[in-house]
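The UniProt record's numbering numbers the first residue of the sequence shown as 1 and each following residue consecutively.
Cβ coordinates follow ideal geometry from the N, Cα and C atoms, glycine included.
Report on the following structure.
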Amino acid sequence: MERLTRFFAALTRWGLGLCALLLVLAALYVSLGRELTPLVAEYRAEIEAKAQAAVDMPLQIGRLEGRWSGFAPVLLAHDVMVGEGSNALRLDQVQVVPDIWASLMARDVRIAHLEVSGLQLSAREDKDGHWALQGLPVQDDQPLDPEQLLKRMQSVQRVSLLDSQVTLQPFDQAPLTFTYVGLSLQTGATRQRLDARLTLPDGQPLALSLRTQIRASAWKDAEVQAYLSLPQSDWAKWVPARLTRQWKLTQFKAGGEFWLTWAKGTVQSAVVRLNSPQVKGSYADRKPVHIENLALTAYLQRSESGLKVLFDSLAMNIGDSRWESRLQLQQRLATDKAQEVWNLQADRLDLTPITPLLNALAPLPEGFAKTIEHLKATGLLRNVLVDFRPQDTTDQKVSFTANLERVGFDAYFGAPAARNVSGSISGDLGQGELRMDSKDFSLHLDPIFAKPWQYIQANARLTWKLDQQGFTLIAPYIKVLGEEGKVAADFLIRLHFDNSQEDYMDLRVGMVDGDGRFTPKYLPAVLSPALDEWLRTAILKGAVDEGFFQYQGSLNHGALPASRNISLFFKVHDAELAFQPGWPHVSKVNGEVFVEESGVRILASKGQLLDTGVKDIYVNIPHAPAGKDSHLLLTGEFAGGLGDGVKILQEAPIGTASTFAGWKGEGDLQGKLDLDIPLAKGTEPKIVVDFQTDKARLQLAEPPLDLSQLKGDFRFDSAKGLSGQNITAQAFDRPITAQIFADGKPGSISTRVTAKGQVTVKRLTDWLKISQPLPVSGDIPYQLQLNLDGADSQLRVSSNLKGVAVDLPAPFGMAASQGRDSVFRMTLQGAERRYWFDYGDLANFTFAAPPDKFSDGRGELFLGDGDALLPGGKGLRIRGVLSELDIDPWKKLIDRYAGNDPGGSAKQLLSGADFKVGKLTGFGQQFDQVNLQLDRKPSAWGLQFDSQQAKGTVNLSDAKGAPIAVNLQYVKLPAVDPTVQADENAPDPLADIDPKDIPALDISIDQLFQGPDLIGAWSLKIRPTAKGLAFNNLDLGLKGMLLKGAGGWEGAPGDSSSWYKGRLDGKNIADVLKGWGFAPTVTSEDFHLDVDGRWPGSPAWVGPKRFSGSLDATFRKGQFVEVEGGAQALRVFGLLNFNSIGRRLRLDFSDLLGKGLSYDRVKGLLAASNGVFVTREPITLTGPSSNLELNGTLDLVADRVDAKLLVTLPVTNNLPIAALIVGAPAIGGALFLIDKLIGDRVSRFASVQYKVEGPWKDPKISFDKPFEKPN
């Protein structure tokens, strides 16, 4: 134990000593290295020679330096040039770390790490596809020896390349530069590893890693493990065109990872994971395809039995659909017992997006690519298995099986098209078989049938054969269920590759318990277009007991009819036929349909047309030669109602729809028909129908006429029209007899109806829907002629009107026994209907209006002997010449027959009037030589009239409530008869007029005459109010006076009142008095009278005895003159006869008055109440020589005055006091005393008061008292 302890102690001491020795040696080694390494720069030439010998190329070092790092020296060579000339390689810096220990062991230079930075290389491609490396010295005369290269690489343990750049320049393309190239190569005797990174031109990184096992002596048996990481870049712009060849990649954005194992001289395994968001490209000049979100995961594995490739995940977006699949490709190598086989398997293949992919990208032969494009395959394949035997020369070279799910393809080159094919398929290059079990199956045998056949369920077995001569498709049995019924079929199609031989088809289709609506499905396209169209549209529905179709012959387009045989047969019941568009359908048909080469025949034992039964129908459509149109020939008998016959005339396309539009009929109808209808469009059919009616009823629409008990024999010929004989009927509740004539020709049928009968005026007005009473009565005998000629259809009714009484004012009235030839005509067709009416030689009327829009029409009524002319503008125009016209009887007639809206509708229709009347009487006046002209303005009516009594215009605006403007140039009123005494108590002339009925008026009269005397110009505005009328802006000239102000008329008829507030003013009142026939007893420089009052009744009933209100009068600077000479004949105002007053006062004013009493002003204010006037302020006369005051009451109703008159006179020497004393002794005496006492020192006046009593025209004046005001 002790010995063992000593051993370990000694071992520890020796170990520690050895470690110390090693540390000392290492320190000495490092110290020595640090001292000696910088001296390397002095050996640049020796090192340069050694390096040149090692690389066997010229080599120059610009500068050399040495460093020590760790336990190894580091040599830095700057500005190194390898080689010479244009291929010389220039390096900025080369760092070399020698492997001291390895060099000592190998007794040769060994390098632990060689680092190169700043290397710039470029590779250029020539037009032959050869690449040349530029920037790297190459010895062209020495071939590359891989073994020698590997041995040389063993002298360098690790090589690093930093911050370098590589440029690739494909031929005739832009160069590609890879930057930040970094490379690390580790070498060994048998194992190597290469790691590389670089930056692509778009700035994204690429990484590569290689691990190899290579012996220099056996480098061909190398083993390689590779890994490549690609970023998401658009590779389309970098891939050389030489690599893509005819593929054109416009966009290929992709990235992923790749793993690869190489051994035994080939690829042993590989893994690909690729993701591409955008791929767009095409092959050659085909239409590009766009693929999005491509995802691919693929595995490759090689075994002793062969190669296996698995596409575990393959998906992409093509258009709006996502396509996904899993594929496996497996190779089984050939053995002694079996050939080499390539096996392709797919769990599912969606065919819809594959077609555009193949069309765009697959390098298929042009013919094959065109076939794929035309087939446009759709649907899904499941469990796909394809075997390819490269060495096999038989049809088994390629074999396949698959399950089909709703597969479809278009027709091409004579092969049929199909949709929704489900089942299984198997075959090889020479033959195959399809077993089908499909729903919603569609089959299109093009070009024999224009449209595909649709079926609910289909079961079939199809086989095909492909040989050098052509393609044969055989369906020995097909069983389908469609909407038309149960169908069974078989066919054989032979398509020849030699175009000189005809393609052939043999098809047989049978059907039971079918639906006739679907019989057009089995009509071949080889029929003539017209016949095909008729067969497709004729059979609308019906039950098919049995049907059969057979086609044998050529499939070639344009084949002769002799090269095929077609036959079609249907046995139907309860069928409905539309034998011609526009004609009513024939229903409940039992019969048989034959379609053959000779034509089409339909035999129907019975049927029904509308509600009419038909029988023994025979339809024949014979074959038409080339260039001729097919015709449908139909004969048969019918028995039903007249209504059905009318409906056929209205709806059938035979050109009678407009003529018989709106007609209705009922009653028994029976007859025969014979039709010849061309199937080509644009050709008129030939129709002949013979029928009889009895106790029928026919209602015409234009004009609306109801014929009952109709009986007769009729014939309709589409070439002429409707004709009839022995026709009797009831019209307007009276019997008539009639005949019908067909006057037409082919293409323009025409029917003329003549009838005779009578109708009462009331029955006629009811027929015309005239609800208002008319001034006509009695029975009207008439002769009617109705022309039904399309647009020229017309109704004419003529009558002598004997037995008709017309209650109109002369000259239009007529007694029942008198009679007057009259004619009424109207058109029945067209956008505008025309109307004419001749009423003897008294009136002529013409009018044109759209149907049902009489108010939009245009026409003229001519009164008198003349012709009415149709105007171009809208509305009714009235013209004519009348010798005399009395308005009053016409007004009474309008009031009686027009109700509360006289002329309301006529006012809307009327557009103008222009006629002359010799003598117009109305409203109590007579107008001679009257010219009336009514014109329509943009927004008003304008009336111009001219007569001996008045002339002017009236403007009636369309605006509601707008005033009627009356502008008269003159109005001539009759002169007053001086022999007629005016009756002040006469009744109100306007008592029966309601002021609320008078519209708003603006009246202007330039000259108003009364007889030869001019009254003046008048203007006023009348406006309706809630109570009646208001008169505004009164401006009335009254023979020297001017009346201004406002007034009104309020109340109801018989209980109204009027008011006025305004002023009457003028200049010399003497002229006014004389103008109105009064004595000019007063003169004035000017005067005015302010009036504010009202009176019962209308404004025309104004009078002083009915006046209530106030009168304020003022006269300036005038005289009260004495009436002399011719003025004595004029009427004199009683109180203004101052000569009479003077005489009654027994005063002599001759020295003061001379021939009149001068005044400066006369003023007075009177208040009136129902004709009783009271001086609210005394009436004063102020003059240069005397003053007068009148105060009291004037009762005009009682014709009495009760007033006080104060006379104030100046006392002068000229005043004969004696005269006063004689007349009034007391006054005279007083004045005498005053005169003596006072003398001339003051002004002296005398006032005397009188009483005025009695009738106001001749009052009694008596002395009352002196020197006092009246009281």
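Pro356: member of the alpha helix (DSSP H) spanning Leu351 to Leu361, first to last residue. Under DSSP, the beta-bridge partners assigned to His1088 are Asp1065 and Thr1114. When the five nearest sequence neighbours on each side are left out, the beta carbons in the same chain lying within less than 6 angstroms of the beta carbon of Ala77 are those of Ile61, Leu64 and Val94, in order along the chain.
Around the CB of Gln246, fewer than 16 other CB atoms lie within 10 Å, so the residue is classed as exposed. For Gly553, the uninterrupted beta strand (DSSP E) segment begins and ends at Ile539 to Ser554. With respect to the 7 angstroms criterion, Thr846 and Leu876 are not classified as neighbours on the basis of their beta carbons. Comparing alpha carbon positions, the residue from Pro1104, Ser1084, Asp977 and Ser1110 closest to Lys1117 is Ser1084. Between Gly942 and Asn931, the CB-CB gap reaches or exceeds 7 angstroms. In the structure shown, Ala986 adopts coil according to DSSP, grouped into three states. By the Cβ test, the segment 363-382 is in contact with the segment 406-425, since at least three Cβ pairs between them sit closer than 8 angstroms.
Looking at the DSSP output, Lys606 sits in a beta bridge with Asn590 and Lys615.
Around Thr953, the same chain offers Gln944 and Asn967 as residues with beta carbons nearer than 6 angstroms, after the five sequence neighbours per side are excluded. Residue environment for Glu637: exposed (fewer than 16 other C-beta atoms within 10 angstroms of its C-beta). The DSSP-derived three-state label of Ile749 is coil. In the displayed model, Lys853 falls within coil according to three-state DSSP, outside both helix and strand.
Boundaries of the alpha helix (DSSP H) around Gln650: Leu642 to Glu651. Check the Cα spacing between Asn420 and each of Leu351, Asp743 and Val239: the tightest is with Leu351. For Trp101, the uninterrupted alpha helix (DSSP H) segment begins and ends at Ile100 to Ala106. Note: Ala475 is bridge-paired with Phe491 in the DSSP secondary-structure output. In the three-state reduction of the DSSP assignment, Val761 falls in the helix class, which pools H, G and I. The three-state secondary structure of Asp467, taken from DSSP, is coil. Across the structure, Arg1106 and Leu1038 are spaced so that their CA atoms are roughly 21 angstroms apart.
Given a length threshold of 3 residues, each whole run of the beta strand (DSSP E) inside the segment 784-867 is given here in chain order: 794-799, 804-806, 822-827, 833-839, 843-849 and 858-863. When C-alpha distances from Thr472 are compared across Asp506, Val80 and Gln457, the shortest belongs to Asp506. Three or more Cβ pairs drawn from the segment 683-702 and the segment 660-670 lie within less than 8 angstroms of each other, which places the two stretches in contact. Closest in C-alpha terms to Pro524, from the list Asp515, Asp513, Gly514 and Arg536, comes Arg536. Considering only Tyr618, Asp611 and His623, the residue with the shortest C-alpha distance to Gln670 is Asp611.
Counting of Cβ neighbours within 10 angstroms places Phe497 among the exposed residues, the total staying below 16. Unbroken beta strand (DSSP E) stretches of 3 residues or longer found wholly inside the segment 900-981: 910-922, 925-937, 940-946, 950-957 and 964-973, given in chain order. A buried status is given to Tyr1060, since no fewer than 16 other beta-carbon atoms sit within 10 Å of its beta-carbon.
Boundaries of the alpha helix (DSSP H) harbouring Ala51: Arg44 to Val55, taken from the DSSP string. Ranked by Cα distance from Thr765, the options Lys756, Ala755 and Val776 are led by Val776. C-alpha of Asn1187 to C-alpha of Gly1164: approximately 13 angstroms in a straight line.
In the three-state scheme derived from DSSP, where H, G and I count as helix and E and B as strand, Phe171 is classed as coil.
Per DSSP, the unbroken alpha helix (DSSP H) holding Ala241 starts and ends at Ala241 to Thr244.
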